[in-house]
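Chemist: Handing you a structure now.
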Amino acid sequence: MSLKSNLSVLLLGMSVAVGAPHVVNSQPAAHGGHGRQAQHAAAMPRLPGQDAFGAIQEIVQILQADPTTDWSKVNLGALREHLVDMNEVTLRAVATESPVEGGIAIAVTGSGRTLDGIRRMIPAHGQELNRLPGWRATTEPLPDGMRLIVTAVEPAQVIRLRALGFAGLLVSGAHHQPHHLMMARGEHFH
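Residue numbers for the sequence shown follow our numbering, beginning at 24 and rising by one.
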């Protein structure tokens, strides 16, 4: 086989392996000496079907695996409410971005449940952005939301802030997962 053919076969095999569904052995254990039954393999989905459900499921698995979990403090309801806030702010809020000296200003607005989420999340997220090197974030209230202003001194960082925009700034930093676990444990929330 030529090098091109070998490479094609290798890449095809890798794409099949990467995209292959998770296979579970569904063979029941031997029962009463009846012997082995035929093995049946079934493809099982790995995703739970809804992102908030999956986030809560993951946290529950972590809590159950941790023998030091204090179940009297666990508050999955608070985590669920926070995930609703995240959904509202990410998908339903209106984010109007404007360049400012050294960065970006974003008016994040909405009404009803979305406005509630904006008022809880944006100030807390501004504090988290201040932990990232080279960035300075401030927030100020608006009648129908919050303004998030993020600036930097270095010109390359200013370009980055403006390119990230609202969605990119929301996901910046790796604080979300530890924050969710702390919230579920009853230790901290916005």
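Note that beta-carbon positions come from the ideal geometry of N, C-alpha and C, so glycine has one too. Please read these numbers as outputs of a predicted model, since none were measured by experiment.
Buried or exposed, going by whether 16 or more other CB atoms sit within 10 Å of the CB of I182?
Modeler: exposed
Chemist: What residue range is occupied by the uninterrupted alpha helix (DSSP H) comprising V107?
Modeler: 99-110
Chemist: Report the start-end ranges of each beta strand (DSSP E) in the segment 102-159 that is 3 residues or longer and not cut off at the edges.
Modeler: Counting only runs that start and end inside the segment 102-159, the beta strand (DSSP E) elements of at least 3 residues fall at 117-123, 126-132.
Chemist: Please determine, among V123, P122, R142, E124, the residue with the shortest C-alpha to C-alpha distance to V131.
Modeler: Distance from the Cα of V131 is smallest, within the candidate group V123, P122, R142, E124, for R142.
Chemist: Pick helix, strand or coil for G1, following the three-state DSSP scheme.
Modeler: Residue 1 falls outside the range modelled here, since the chain spans only 24 to 213, and no answer is possible.
Chemist: With H, G and I counted as helix, E and B as strand and the rest as coil, what does DSSP make of E177?
Modeler: Coil, per DSSP.
Chemist: Just reading off the alpha helix (DSSP H) that L204 is part of, what are its end residues?
Modeler: 199-207
Chemist: Which whole-angstrom value describes the C-beta separation of N153 and A160, a residue pair presumed to lie in contact below a C-beta threshold of 8 Å?
Modeler: Indeed they touch by this definition, with Cβ atoms about 5 Å apart.
Chemist: Decide if E124 is buried, meaning its Cβ has at least 16 other Cβ atoms within 10 Å, or exposed.
Modeler: exposed
Chemist: Sort out for me which residues DSSP pairs T161 with in a bridge.
Modeler: Beta-bridge analysis with DSSP links T161 to I172.
Chemist: Along the chain, where does the alpha helix (DSSP H) containing D74 start, and where does it finish?
Modeler: 74-88
Chemist: May I have the straight-line CA-CA distance separating E210 from P156, to the nearest angstrom?
Modeler: 26 Å
Chemist: What's the C-alpha gap between L184 and G191?
Modeler: 8 Å
Chemist: On the premise that I127 lies in contact with V173, defined as a C-beta separation below 8 Å, what is that separation, rounded to the nearest angstrom?
Modeler: 6 Å
Chemist: Rounded to whole angstroms, what is the Cα-Cα separation between A75 and L114?
Modeler: 13 Å
Chemist: Consult DSSP for L70 and reduce its assignment to one of helix, strand or coil.
Modeler: coil
Chemist: Excluding the 5 residues preceding and the 5 following W94 in the sequence, name in chain order all residues of the same chain whose CB lies nearer than 7 Å to its CB.
Modeler: none
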